[in-house]
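Written below as structure tokens is the structure these notes are about.
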Amino acid sequence: MLRQQAQPWRRLLAAGFTALAWVAACADGARAAETRHARLEFNRDIRPILSNHCFKCHGPAVQEGDLRLDDATGALAELGSGHKAIVPGDVGASELVARVTSADRELRMPPHDAGAALTPAQIATLRQWIAAGAEYQRHWAYLPVREPEPPPVSDSAWPRSAIDHFILAELDRAGLAPAPEAARATLIRRVSLDLIGLPPTPAEVR
């Protein structure tokens with residue numbers, strides 16, 4: 035009896051984890067799409083790259099070579115070598131770019147024994163950000179909340195909320211059209227299975 039009662043909760047947990055994975059995948063895809071079509075932002079596009087690959091040695095806790103990349107003052111300062119890690123607007127003079135693209139295994143960053151190297155896409159993003167002025171931002175937790183402007187879409191009658199504008203904009207960029215609206219019986223079946231792991235009753239469908 036207990037095993038039978040536990041089944042709906044197992045289904046609910048499975049549905050919840052599936053939904054979280056789907057949301058995470060959508061968020062990654064949305065960030066990648068935004069990077070292609072919008073101005074780069076430090077918190078959204080650059081901080082994750084530096085945090086995953088650079089902050090271990092050049093972050094708030096450790097600053098090897100007196101280089102700190104999580105802070106604009108440290109990142110733009112002249113180093114003991116006479117170079118600057120980041121020169122806003124000048125990719126060629128930015129030692130950071132020289133190091134992450136170096137063919138010399140001893141010079142290339144991150145070090146070969148410290149983890150995965152940056153991907154070509156990540157390097158291109160850093161180049162684009164530096165060329166555009168290398169603007170830093172405070173950590174997102176300390177920035178005021180702002181409401182983004184919904185993007186233009188191909189069918190202004192389709193969105194029912196501001197969020198729908200962003201969904202349809204991505205579909206437009208991919209050359210896709212929204213799926214037809216599901217029948218009401220299908221909708222309540224989906225939400226009931228997602229929330230409690232059981233199909234709706236006939237009364238609930240009605």
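Counting from 35, one number per residue, gives the positions in the sequence shown under my numbering. Think of the CB as a built atom: it goes at the ideal place given N, C-alpha and C, for glycine as much as any other residue. Predicted model only: the values in this text are computed from it and were never measured.
> Can you list, in chain order, the residues of its chain whose CB lies under 7 Å from that of D100, leaving out five sequence neighbours each side?
Replying inline: L113 and G114
> Tell me which same chain residues have a C-beta within less than 6 Å of the C-beta of A64, skipping the five on either side of it?
Replying inline: Note that A64 scores 47 on pLDDT, short of 50, meaning its location in the model is unreliable and no value can be drawn from it.
> What do you get for I197, buried or exposed, if any count of 16 or more other CB atoms within 10 angstroms of its CB means buried?
Replying inline: exposed
> Considering only residues of the region 120 to 203, which uninterrupted alpha helix (DSSP H) runs meet the minimum length of 4 residues and lie entirely inside it, listed in chain order?
Replying inline: 129 to 135 and 154 to 165
>> Going by beta-carbon coordinates alone, are G298 and P122 separated by less than 9 Å?
In response: Lying before the first or after the last residue shown, residue 298 is absent from the chain, which here runs from 35 to 240.
>> For H92, list the residues DSSP reports as bridge partners.
In response: Q97
> How many angstroms separate the CA atom of A217 from the CA atom of R172?
Replying inline: 46 Å
>> Alpha carbons only, please: which of R139, A191, G116 and D105 is nearest the one belonging to I80?
In response: D105
>> Please state whether the Cβ-Cβ distance between L160 and M143 is less than 9 Å.
In response: no
> Which partner residues does E112 have in the DSSP bridge list?
Replying inline: K118
> Is it right to say Y176 is buried, meaning 16 or more other beta carbons lie within 10 angstroms of its own, or is it exposed?
Replying inline: Flag for Y176 reads exposed.
> When we look at the beta-carbon of R73 and count the other beta-carbons within 10 Å, is it buried (16 or more) or exposed?
Replying inline: exposed
> If you draw a straight line from the alpha carbon of H87 to that of A237, how long is it in whole angstroms?
Replying inline: Near 55 Å, if we compare the C-alpha coordinates of A237 and H87.
> Using the beta-carbon count (16 or more within 10 Å), is S85 buried or exposed?
Replying inline: exposed
>> DSSP three-state label for P82, please.
In response: helix
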